[in-house]
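Here is the structure we will look at.
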Amino acid sequence: MIQPNIPETKQPRVVIVGGGFGGVNLAKQLKHAPVQVVLLDRNNYHLFQPLLYQVSTAGLEPDSIAFPLRGIFRKQHNLVFRMAEVTGIRNADNILETGIGEIRYDYLIFATGSNTNFFGNKNIEENAIGMKSLIEAVQIRNYVVKQFEESLLLQDQEEIKSKLNFVMVGGGPTGVELAGAFAELRKYIMPKDYPTLPQSLMNVYLIEAGPKLLASFSEETSRKTLQALQDIGVRVLTSTGVKEYDGKTVTLSTGELIQTQSLLWSAGVKGIPVKGIPADIILPNGRIIVNELNQIQGFTNVYAIGDIAQMTNDPRFPKGYPMVAQVAIQQGKNVAHNLKLSMENKPMKGFNYKDLGSMATIGRNRAVAEFAGIRMSGYLAWVAWMVVHLMSLLGFRNKLVVFINWFYRYFTYERGTRIIIKRGAANIVKLRQSIGA
6 MIQPNIPETK
16 QPRVVIVGGG
26 FGGVNLAKQL
36 KHAPVQVVLL
46 DRNNYHLFQP
56 LLYQVSTAGL
66 EPDSIAFPLR
76 GIFRKQHNLV
86 FRMAEVTGIR
96 NADNILETGI
106 GEIRYDYLIF
116 ATGSNTNFFG
126 NKNIEENAIG
136 MKSLIEAVQI
146 RNYVVKQFEE
156 SLLLQDQEEI
166 KSKLNFVMVG
176 GGPTGVELAG
186 AFAELRKYIM
196 PKDYPTLPQS
206 LMNVYLIEAG
216 PKLLASFSEE
226 TSRKTLQALQ
236 DIGVRVLTST
246 GVKEYDGKTV
256 TLSTGELIQT
266 QSLLWSAGVK
276 GIPVKGIPAD
286 IILPNGRIIV
296 NELNQIQGFT
306 NVYAIGDIAQ
316 MTNDPRFPKG
326 YPMVAQVAIQ
336 QGKNVAHNLK
346 LSMENKPMKG
356 FNYKDLGSMA
366 TIGRNRAVAE
376 FAGIRMSGYL
386 AWVAWMVVHL
396 MSLLGFRNKL
406 VVFINWFYRY
416 FTYERGTRII
426 IKRGAANIVK
436 LRQSIGA
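Residue numbers for the sequence shown follow my numbering, so the first one is 6 and each next one is one higher.
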């Protein structure tokens with residue numbers, strides 16, 4: 006079955022796989038181009054992943070960080086959106102294989118993003134949980150609230166500690182922000198909602214295998230981040246790896262054991278390649294080798310952008326660009342520009358990444374930021390972080406809802422979504438099974 010329910014066209018067909026930052030911005034840039042754009046995604050919404058951690062810690066409602074893809078492109082008449090799972094590619098025939106049928110393309114762009122990387126440790130993969138999807142974030146929220154509720158029924162303090170010890174693995178922005186959010190749950194929410202549970206029974210750990218937190222930041226910023234986390238009671242362990250986790254006990258590379266039923270993994274991500282891409286151009290981390298035009302090695306009309314793409318021609322980033330939103334956004338815009346040039350038989354332009362800086366929030370009035378040679382920390386960096394993230398959200402409603410939530414939380418110390426929508430699983434293993442992970 007060819008072209009399932011997709012209108013026929015005499016114009017070049019550009020098929021984009023993935024409705025994340027790269028795919029959305031690529032499609033937007035082709036709004037007035039003489040092409041038919043077909044956008045495919047397994048979900049019908051664009052997810053603002055930088056705020057997933059706030060959903061998982063009961064700070065935001067799930068729909069406040071997601072925006073319908075059809076809403077984004079309502080006025081873009083040359084775009085067709087379909088929910089679909091991509092299963093493979095036959096480039097010799099210019100055919101993309103999907104769960105809804107085969108789709109012909111003239112140009113194909115993979116913007117499929119990334120998934121959690123457990124580095125081959127099956128025990129950790131089965132018992133820990135990543136946070137790359139909206140479903141996972143909601144399930145984590147359900148699970149965390151359930152841990153508190155069940156702790157009230159226990160007498161043994163060691164059992165309670167096992168339930169209320171929360172271990173974050175990975176000292177990047179996600180791990181730092183998660184650890185800070187859990188520390189705030191302990192400080193501001195636990196005493197009000199669970200006054201009979203001593204705060205001392207809840208511990209928040211942040212474990213980083215490298216020598217410092219926020220590896221891409223300066224030494225000074227990393228040091229300030231460490232100090233800020235320690236000030237709010239997070240137990241930070243650097244130069245420490247996780248060897249094993251069986252659902253109850255974390256075994257560290259130092260030999261130390263941590264009793265916990267909650268291990269949140271943000272130590273790495275990997276690309277999600279597609280069947281039909283030659284194995285010799287797919288790296289161990291799942292990323293696909295591309296040239297300076299984002300063309301997949303050995304292909305002329307198939308591209309990869311964002312987390313899935315590995316481009317190493319920039320001497321500033323010899324190991325490839327960081328897997329962050331700005332890379333995907335800029336590559337999407339560059340590929341769109343090059344597609345227009347290609348159709349006009351003009352030479353295409355290589356990708357030149359403009360690093361706009363990095364930032365991470367640690368908690369209330371605490372954040373760090375580095376951009377244009379400027380380093381900020383504390384309250385000003387926290388305000389800058391909020392403004393940047395607020396303006397990056399899609400949709401006026403989402404911006405308004407998130408702003409109201411943040412404003413309300415700042416003055417009331419409340420987190421209004423502390424509800425268990427569905428009875429959670431008894432442990433992380435069942436939690437992962439319940440979401441099909």
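Heads up, the beta-carbon is just placed ideally off N, CA and C, and yes, glycines get one too.
Element boundaries [alpha helix (DSSP H), containing residue i]
| i | result |
| --- | --- |
| Phe356 | Unbroken run through Phe356: none, as it is neither H nor E. |
| Arg18 | No alpha helix (DSSP H) contains Arg18, which is instead part of the beta strand (DSSP E) from 18 to 22. |
| Leu139 | 139 to 156 |
| Asn128 | 127 to 132 |
| Gly93 | Counting along the chain, Gly93 falls outside any alpha helix (DSSP H), though it belongs to the beta strand (DSSP E) covering 91 to 95. |
| Met391 | 384 to 397 |
| Leu65 | That residue, Leu65, is in no alpha helix (DSSP H); it is neither H nor E in DSSP. |
Integer Cβ distance of residue i from residue j, believed to fall under 8 Å
| i | j | result |
| --- | --- | --- |
| Gln264 | Lys253 | 7 Å |
| Asn403 | Phe86 | With a Cβ gap of about 19 Å, Asn403 and Phe86 do not count as contacting. |
| Ala188 | Ile145 | With a Cβ gap of about 16 Å, Ala188 and Ile145 do not count as contacting. |
| Ser119 | Ile277 | 7 Å |
| Trp270 | Ile367 | Incorrect: roughly 20 Å between the Cβ atoms, too far for contact. |
| Leu52 | Ile21 | 16 Å between Cβ atoms; not a contact. |
| Gly27 | Gln336 | 6 Å |
| Arg79 | Arg18 | Not really, about 21 Å apart at Cβ, beyond 8 Å. |
Simplified DSSP state of residue i, which is helix, strand or coil
| i | result |
| --- | --- |
| Val5 | With the chain represented from 6 up to 442, any question about residue 5 goes unanswered, as that position is not in the structure. |
| Gly441 | Only weak support is given to the placement of Gly441: the predicted model assigns it a pLDDT of 46, under 50, and the value that follows is read from those uncertain coordinates. Three-state DSSP puts Gly441 in coil, outside helix and strand. |
| Asn410 | helix |
| Glu164 | helix |
| Pro216 | coil |
| Ala372 | strand |
| Pro203 | coil |
| Ser363 | strand |
| Ala431 | Residue placement at Ala431 is poorly supported in this model, since its pLDDT is 44, which falls under 50; the coordinates are not used for a value here. |
| Phe171 | strand |
| Arg75 | helix |
| Glu182 | helix |
| Asn299 | coil |
| Ser227 | helix |
| Ile310 | coil |
| Glu107 | strand |
| Leu436 | With a pLDDT of 49 at Leu436, under the threshold of 50, the modelled position of that residue is not reliable, and the figure given next carries that caveat. The answer is helix: DSSP assigns Leu436 an H, G or I state. |
| Met5 | A query on residue 5 cannot be resolved here, the shown segment of the chain reaching from 6 to 442 and no further. |
| Ser258 | coil |
| Ile70 | coil |
Residue i to residue j span [Cα, whole Å]
| i | j | result |
| --- | --- | --- |
| Thr14 | Arg292 | 32 Å |
| Val295 | Gln204 | 50 Å |
| Gln16 | Gly23 | 22 Å |
| Leu346 | Lys36 | 15 Å |
| Ile100 | Ile94 | 6 Å |
| Thr243 | Leu231 | 10 Å |
| Val174 | Asp111 | 42 Å |
| Ala32 | Ile334 | 11 Å |
| Phe401 | Asp312 | 27 Å |
| Trp411 | Met381 | 21 Å |
| Val340 | Asn299 | 7 Å |
| Ala442 | Ala314 | For Ala442, the predicted structure reports a pLDDT of 44, less than 50, and the residue's modelled location is therefore unreliable. The matter cannot be settled from this model. |
| Lys359 | Leu139 | 29 Å |
| Gly259 | Asn208 | Rather than Gly, the amino acid found at residue 259 in this sequence is Thr. C-alpha separation (whole angstroms): 19 Å. |
| Val241 | Thr226 | 15 Å |
Buried or exposed (CB count within 10 angstroms, at least 16 for buried), residue i
| i | result |
| --- | --- |
| Phe356 | buried |
| Asp251 | exposed |
| Thr92 | exposed |
| Arg75 | exposed |
| Phe115 | buried |
| Asp98 | exposed |
| Tyr415 | exposed |
| Asp285 | exposed |
| Phe350 | Phe is not the amino acid found at residue 350; the sequence shown has Asn there. With fewer than 16 other Cβ atoms within 10 Å, it is exposed. |
| Glu375 | buried |
| Leu436 | Because the pLDDT at Leu436 is just 49, under 50, the model does not fix this residue reliably, and the point stays unresolved. |
| Met364 | buried |
| Ser167 | buried |
| His394 | buried |
| Val392 | exposed |
| Ala431 | Because the pLDDT of Ala431 is 44, which lies under 50, any placement of that residue in the model is unreliable, and the number read from its coordinates should be weighed accordingly. Exposed: under 16 other Cβ atoms inside 10 Å. |
| Arg371 | buried |
Delimiting residues of the beta strand (DSSP E) encompassing residue i
| i | result |
| --- | --- |
| Leu113 | 112 to 115 |
| Asn120 | 119 to 121 |
| Glu102 | 100 to 103 |
| Glu249 | 247 to 250 |
| Asp46 | 41 to 46 |
| His51 | 50 to 52 |
| Ile263 | 262 to 264 |
| Met316 | Segment: none, Met316 is in no beta strand (DSSP E) and carries neither H nor E. |
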